[in-house]
Structure formats: C-alpha cells, structure tokens
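Numbering (the working numbering), first residue to last: 628 to 858. The structure under discussion appears below in the form of structure tokens.
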Ligand SMILES: C[S@@+](CC[C@H](N)C(=O)[O-])C[C@H]1O[C@@H](n2cnc3c(N)ncnc32)[C@H](O)[C@@H]1O
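Here it is as structure tokens:
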C-alpha cells in the first residue's frame, strides 16, 4: 500500500485524492513514520531548550505530525504552523479536535510564499522538519530570508536536510541508509534534494543569521540537523 501511495503521489495525485484511498492519508502525505518522527522532533526541541512560554513557528507543519506534541506542550497561543496544503492543515485541525487541544488556540495558516512577517509575531524557535529535503535552493533561500525577519535575537530556526558531504562539485546521487536496512538516493537537482552544508553558510551571508551544523540527531532516514541563529 505504501509503495502504491508513493507512486500515486509521484504521478501528481495529491492529498485531496489520497484521502479517498487511505484513511491515514494525512500520515502518508508527510512521509509516514507518524509516531516516531512526531516524537523525535518534539523531544529534540525540548533538549534544545524549548519552554512552554516560547513562541514556535513550524514551517511546513503538514498535518501536525510534530505539531500535535508541540501544541500539547506549549502555552495557549504559542504555536504557529504554516503549510501550503490546506487539506493537511484541515487534517491537523481534526487531530487537535480528537485530542481535545482546541483550547490551546494554535495559529494554522495556509501559505506557500514564506511571507512569515504576515503572521504578525516574532519567534523564539522555528522548525522545518523534512521541508528543505523537498525544496530547490532558491525556495530555501526565500524561506531563510523571511526567517531572518521573524526570529528574536538569539532565536533559532532548526532545519533538517539531506547532506552531500563531498562538496559542491559532486553532482551525482548520494545514497543514504534507512534504519529498515534499505538504501535510497537523494539528488543535486531534484526532489529529494541533498545539499553541501557550505551552501547554507553562503545563504546566511549578508543576513542577521549564522548557521551551525548539528549533523546526526537520530532521524531514521539519515536527515541531518542544522540551526540558523539570529545574532
Ligand atoms: C514531508 S512534509 C513534513 C511535514 C511536517 N514538518 C512533519 O514533520 O510532519 C513537508 C511539508 O512541507 C510542505 N511544503 C512544501 N513546500 C512548501 C512551501 N513552499 N510552503 C509551505 N509549505 C510547504 C508540504 O505541503 C508538506 O506538508
């Protein structure tokens, strides 16, 4: 079933259609591993110092795989999630209702242009889990330029990425291990994208941000972690 759904998605069948084929379509649409990757991102940000009173921006929050944990933990009104797919945000709202978390009053906004200033809020923490892995470089730059406008001083934007550790001259696919024992490829110029970490240092030039590589953080599909910090 998983393979069929992946194939259909590659053929352009989107979340709106997937829901008629699979009741867990909103999990498949963000890559599955719902419990594991939901908890992983939550526990990671807690270790990185996220407190209930912080304002958190979840960029490309999808159907709230991580969001449901953050919303439960954060004080009322402190969670903001943006995503370009309205159907995923709607599925997330359903999950919040089921978990009786509506009183936490999260802000969920459909947006594809990363116009984050329009949210009218500055953030202590931001997260892009499995977003840059699907984005070409210019979209990443756009996202980071908007993040540069909405992080408080000392605020951090954590982002996962597939790494190419062989430098910018390496244009071939990079193979990555999956914890299920298989391997998969990422690409220089198509989804799923990989990047040389030096690229992100260049992206920060001329902004108020610096970037630091964290690297391995326990992701089952070899996504690495970094953060952009407002200086
Ligand atoms: C693999 S999913 C991850 C979702 C969520 N972060 C999680 O961990 O479950 C990537 C998400 O990024 C969203 N996305 C991709 N490009 C985007 C853009 N330009 N603006 C907003 N969201 C975007 C997709 O709609 C999708 O929900």
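Here a beta-carbon is modelled for each residue, glycine too, at the ideal position from N, C-alpha and C.
Residues that DSSP places opposite residue i in a beta bridge
i           : result
residue 821 : 789
residue 803 : 811
residue 710 : 737
residue 685 : 708 and 754
residue 637 : DSSP output for residue 637 lists no bridge partner at all.
residue 842 : 852
Whether residue i touches residue j by CB criterion (9 angstroms)
i           : j           : result
residue 838 : residue 815 : no
residue 827 : residue 686 : no
residue 760 : residue 788 : yes
residue 657 : residue 690 : yes
residue 790 : residue 822 : yes
residue 786 : residue 801 : no
residue 749 : residue 771 : no
residue 705 : residue 669 : no
residue 653 : residue 719 : yes
residue 797 : residue 849 : no
For residue i, three-class secondary structure by DSSP
i           : result
residue 836 : strand
residue 656 : coil
residue 737 : strand
residue 717 : helix
residue 694 : helix
residue 780 : strand
residue 856 : strand
residue 665 : helix
residue 729 : helix
residue 648 : coil
residue 670 : helix
residue 703 : coil
residue 749 : coil
residue 775 : helix
residue 743 : helix
residue 723 : helix
residue 764 : helix
residue 828 : helix
residue 769 : helix
Cβ neighbours of residue i in the same chain (closer than 8 angstroms, five flanking residues each side left out)
i           : result
residue 746 : 684, 707, 709, 734, 736 and 777
residue 726 : 695 and 699
residue 664 : 658, 692, 693, 756, 757, 846 and 847
residue 825 : 794 and 795
residue 773 : 741, 742, 743 and 744
residue 666 : 696
residue 679 : 700, 701, 702 and 705
residue 713 : 737
residue 723 : 691, 695, 698, 729, 731 and 733
residue 768 : 830
6 angstroms Cβ shell around residue i - same chain, five flanking residues per side excluded
i           : result
residue 731 : 698 and 703
residue 856 : 783 and 837
residue 754 : 685 and 785
residue 781 : none
9 angstroms Cβ cutoff, residue i in contact with chain C
i           : result
residue 670 : Looking at the structure shown, chain C is missing, and only one protein chain is on hand.
Residues near residue i in its chain [Cβ-Cβ closer than 7 angstroms; skip 5 each side]
i           : result
residue 671 : 844
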